[in-house]
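2 protein chains.
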Amino acid sequence: MSKRVSFIGLGVMGFPMAGHLQKAGYQVTVYNRTEQKARDWTSQYGGQMAASPAEAASGAELVFVCVGNDDDLRSVVLGQSGVLAGMQAGAVLVDHTTASARVARELEQIAAMQEIGFLDAPVSGGQAGAENGQLTIMVGGKPDTFAKAEPVMKAYARFCRLLGECGTGQLAKMMNQICIAGVVQGLAEALNFGQRAGLDCAAVVEVISKGAAQSWQMENRHQTMLKGEYEFGFAVDWMRKDLAIALEQAAQIGASLPMTAMVDQFYQEVQNLGGQRWDTSSLLARMKP
Amino acid sequence: MSKRVSFIGLGVMGFPMAGHLQKAGYQVTVYNRTEQKARDWTSQYGGQMAASPAEAASGAELVFVCVGNDDDLRSVVLGQSGVLAGMQAGAVLVDHTTASARVARELEQIAAMQEIGFLDAPVSGGQAGAENGQLTIMVGGKPDTFAKAEPVMKAYARFCRLLGECGTGQLAKMMNQICIAGVVQGLAEALNFGQRAGLDCAAVVEVISKGAAQSWQMENRHQTMLKGEYEFGFAVDWMRKDLAIALEQAAQIGASLPMTAMVDQFYQEVQNLGGQRWDTSSLLARMKP
């Protein structure tokens with residue numbers, strides 16, 4: 001009989017991720033705070049829905065969580081109706097939320113008291129990656145726990161790697177977001193500069209993307225940036241949540257992040273322009289006259 | 290009979306570039322301020338050397354210049370012994386220096402009075418690109434002037450594109466350097482963060498380079514950055530010269546470059562650490578305890 005798994009949190013990421021598990025042949029039980037989403041999910045994919053995280057997790061070998069932030073995560077994992085109340089010894093809890101390393105370590109310890117394994121496993125690849133089953137997963141935790149979860153995560157991952165002990169997945173995701181902040185701000189300053197200088201920026205990008213200035217953001221975002229199109233992609237609100245986590249972590253370990261802190265403030269300006277849901281590349285929007 | 294061309298400025302870039310012209314079958318006459326370099330060049334490649342830029346340029350269909358900055362450029366182009374004093378009507382002057390758009394427009398006007406075409410044609414690809422004949426060339430100027438020079442520049446270019454009127458090549462190069470400033474600072478902040486957090490940064494980069502944080506700098510510089518190796522590549526002194534040009538241009542057109550200006554200041558700190566000749570990726574060095 002196929003594995004019983006459960007998925008908690010059917011947002012833009014979790015909804016298709018849970019769908020890939022069901023399509024891969026697992027018996028999936030889902031839970032979502034807004035019940036209608038869970039109903040939509042079962043009509044689309046089959047599977048089961050549950051009335052609480054604990055009920056969804058009951059009897060599952062693997063429980064996946066993908067929610068908004070540290071507080072959401074604690075609320076679906078801990079307490080009377082949380083997943084740990086339903087899980088059995090030997091099962092594994094995988095958290096796909098981008099959250100702090102601290103909450104990951106906290107949950108690993110609590111889960112261990114019930115002999116439940118825990119992995120922090122934030123993803124990158126965005127909504128498109130979730131829908132196509134092509135996510136990249138950065139994992140922290142114990143190797144034997146990872147070994148149990150990895151084959152199942154392959155249902156929606158293009159690349160999945162254990163990077164070290166618990167918390168390491170979250171720290172790696174922070175590195176990812178810090179890099180993106182620098183790349184996008186540099187690209188936005190360059191495009192604004194080029195537009196004000198009257199250049200054919202698309203032609204310039206075609207040339208400079210062949211060399212040391214090249215980046216994924218340059219190749220995949222310059223056209224929409226030049227058109228001022230931002231109604232897609234990874235939202236500014238989520239980026240600010242992630243950067244806040246990185247900045248707090250940096251303060252704990254004495255890492256100076258001057259560019260990241262500045263770009264975070266620029267995203268505040270984008271939010272003030274009404275850009276809460278705009279793509280991360282909207283840093284260019286705040287430079288317009 | 291093959292074309293007569295001349296090359297002024299046999300630095301780390303110009304020396305191999307002029308060599309590629311000679312190897313491609315052109316009759317090359319070189320000039321260099323330090324005469325020994327010109328002597329070394331003729332012993333290695335053949336060709337001729339001249340006692341002044343004017344003498345080198347005399348009788349050439351195309352004259353290439355690759356020197357340090359605006360002032361060096363004016364000194365080899367203008368005046369009694371400058372290239373324009375030796376050039377004939379109908380010839381073309383190509384400037385490979387990374388310089389200001391202003392000096393490019395100034396020289397185009399002066400050259401036009403002698404019916405000499407002018408192109409600003411800064412390159413990217415570094416010393417390795419010059420040696421392998423794989424440079425990228427960003428060109429500004431008139432299409433008919435470009436048509437005369439392009440086939441010859443192919444001796445050392447992988448990619449060569451006319452981007453618009455005179456000055457456009459320099460403006461494109463500025464966009465290139467602005468992008469690099471953001472990418473490298475983001476990467477440096479991320480690697481410093483990861484090292485202080487105790488991560489296996491090479492493993493993290495292997496994962497995050499598959500997604501939206503990817504960049505040429507990440508792929509080609511993270512290993513040397515993690516080892517603290519900076520004795521190669523594009524020097525901090527040159528990067529600061531280029532960023533100064535971009536910042537001055539930005540002030541003229543009202544483009545705000547907050548990240549670029551900050552990173553330029555960080556390069557000052559790298560210079561103060563003795564890193565004048567270190568690679569651009571040495572932004573990480575100033576973050577060490």
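These protein sequence lines map, in sequence, to chains R and F.
To convert, note that position 125 of the first sequence is 125 in the working numbering; the numbers rise steadily by one, no gaps.
Add 289 to the 1-based position in the second sequence for the working numbering, that's all there is to it.
A virtual CB, placed ideally from N, CA and C, is assigned to each residue, including glycine.
1) C490 (chain F) lies in the alpha helix (DSSP H); which residues open and close that run?
2) Just mark K227 (chain R) as buried or exposed, buried being the case when its beta carbon has 16 or more other beta carbons within 10 Å.
3) Ignoring anything shorter than 4 residues or poking outside the segment 153-214 of chain R, list the alpha helix (DSSP H) runs there in chain order.
4) Under 8 Å, with one C-beta from each stretch per pair, do the segment 57-77 of chain R and the segment 206-217 of chain R reach the 3-pair mark?
5) Could you tell me whether the Cβ of N220 (chain R) comes closer than 9 Å to any Cβ of chain F?
6) Give the residues of chain R in contact with P547 (chain F), contact being defined as C-beta atoms less than 7 Å apart.
7) Can you confirm whether the segment 27-38 of chain R touches the segment 138-152 of chain R when touching is taken to mean that 3 or more C-beta pairs between the two stretches lie within less than 8 Å?
8) Thinking C-beta only, is Q170 (chain R) closer than 9 Å to M239 (chain R)?
9) Between the C-alpha atoms of G79 (chain R) and H20 (chain R), what's the straight-line distance to the nearest angstrom?
10) Give the DSSP-derived three-state secondary structure of M338 (chain F) in the structure shown.
11) What are the boundary residues of the beta strand (DSSP E) that Q4 (chain R) is part of?
12) So which residues of chain F does N192 (chain R) contact, with C-beta pairs closer than 7 Å?
13) Under 8 Å by Cβ, that's how I've got A235 (chain R) and Q276 (chain R) pegged, so tell me the actual separation to the nearest angstrom.
14) Look at the alpha carbon of A491 (chain F) and the alpha carbon of K462 (chain F), and state the distance between them as a whole number of angstroms.
15) State buried or exposed for S291 (chain F), treating a residue as buried only when at least 16 other CB atoms are found within 10 Å of its CB.
16) Determine the closest residue to G336 (chain F) out of F:L396, F:S295, F:A374, F:V301, with distance taken between C-alpha atoms.
17) Check whether the Cβ atoms of G475 (chain F) and T168 (chain R) sit closer than 9 Å, and answer yes or no.
18) Could you check the C-alpha separation between A56 (chain R) and C160 (chain R) for me, to the nearest Å?
19) Against chain F, does G82 (chain R) count as a neighbour if the rule is that its beta carbon must be under 9 Å from one of theirs?
20) Counting only beta-carbon separations shorter than 9 Å, does R102 (chain R) have a partner in chain F?
21) Could you tell me which of F:K577, F:R293, F:S364 sits nearest to Q311 (chain F), measuring between CA atoms?
22) Let me check one thing: in DSSP terms, what residues is K556 (chain F) bridge-paired to?
23) On the DSSP letters alone, give me the boundaries of the alpha helix (DSSP H) that D360 (chain F) sits inside.
24) Take the Cβ of N509 (chain F) as the centre, count every other Cβ of all protein chains shown within 10 Å, and call the residue buried at 16 or more, exposed below.
25) So, does the segment 407-421 of chain F touch the segment 476-483 of chain F, judging by three or more C-beta pairs under 8 Å?
26) Please confirm whether M87 (chain R) has its beta-carbon closer than 9 Å to some beta-carbon of chain F.
27) What does Q227 (chain R) reach in chain F if we use C-beta pairs closer than 7 Å?
28) If the cut is a Cβ gap below 8 Å, which residues of chain R does W505 (chain F) touch?
29) Please list the terminal residues of the continuous beta strand (DSSP E) segment that includes T425 (chain F).
30) Going by beta carbon distance, what residues of the same chain come within less than 7 Å of G182 (chain R), once the five residues before and after it are set aside?
31) Quick check on the burial criterion: 16 or more other C-beta atoms within 10 angstroms. Buried or exposed for E404 (chain F)?
32) Could you tell me which residues DSSP pairs with V381 (chain F) in its beta bridges?
33) Could you check whether the Cβ of R161 (chain R) sits closer than 9 Å to any Cβ belonging to chain F?
34) Run down chain R in chain order and give the residues with a C-beta less than 9 Å from the C-beta of S413 (chain F).
35) Pull up the distance between the alpha-carbon of A533 (chain F) and that of K288 (chain R), whole angstroms please.
36) How would you call S281 (chain R), buried or exposed, if buried means at least 16 neighbouring beta carbons within 10 angstroms?
Let me spell this out:
1) 490-497
2) exposed
3) 168-196, 201-208
4) no
5) yes
6) M262
7) no
8) no
9) 29 Å
10) strand
11) In the sequence as presented, Gln is not what sits at residue 4 (chain R); that position holds Arg. Per DSSP, R4 (chain R) belongs to the beta strand (DSSP E) from 4-8.
12) A544
13) 7 Å
14) 30 Å
15) exposed
16) F:S295
17) no
18) 25 Å
19) no
20) no
21) F:R293
22) The residue you asked about is not Lys; residue 556 (chain F) is Tyr in the sequence shown. Paired residue(s): none; Y556 (chain F) is not in a bridge.
23) 359-366
24) exposed
25) no
26) no
27) Rather than Gln, the amino acid found at residue 227 (chain R) in this sequence is Lys. None at all; the shortest Cβ gap to chain F is about 18 Å.
28) G211, A212, A213, Q214, S215
29) 424-429
30) M259
31) exposed
32) F:L351, F:G406
33) yes
34) V207, I208, K210, G211, A212, A213
35) 23 Å
36) buried
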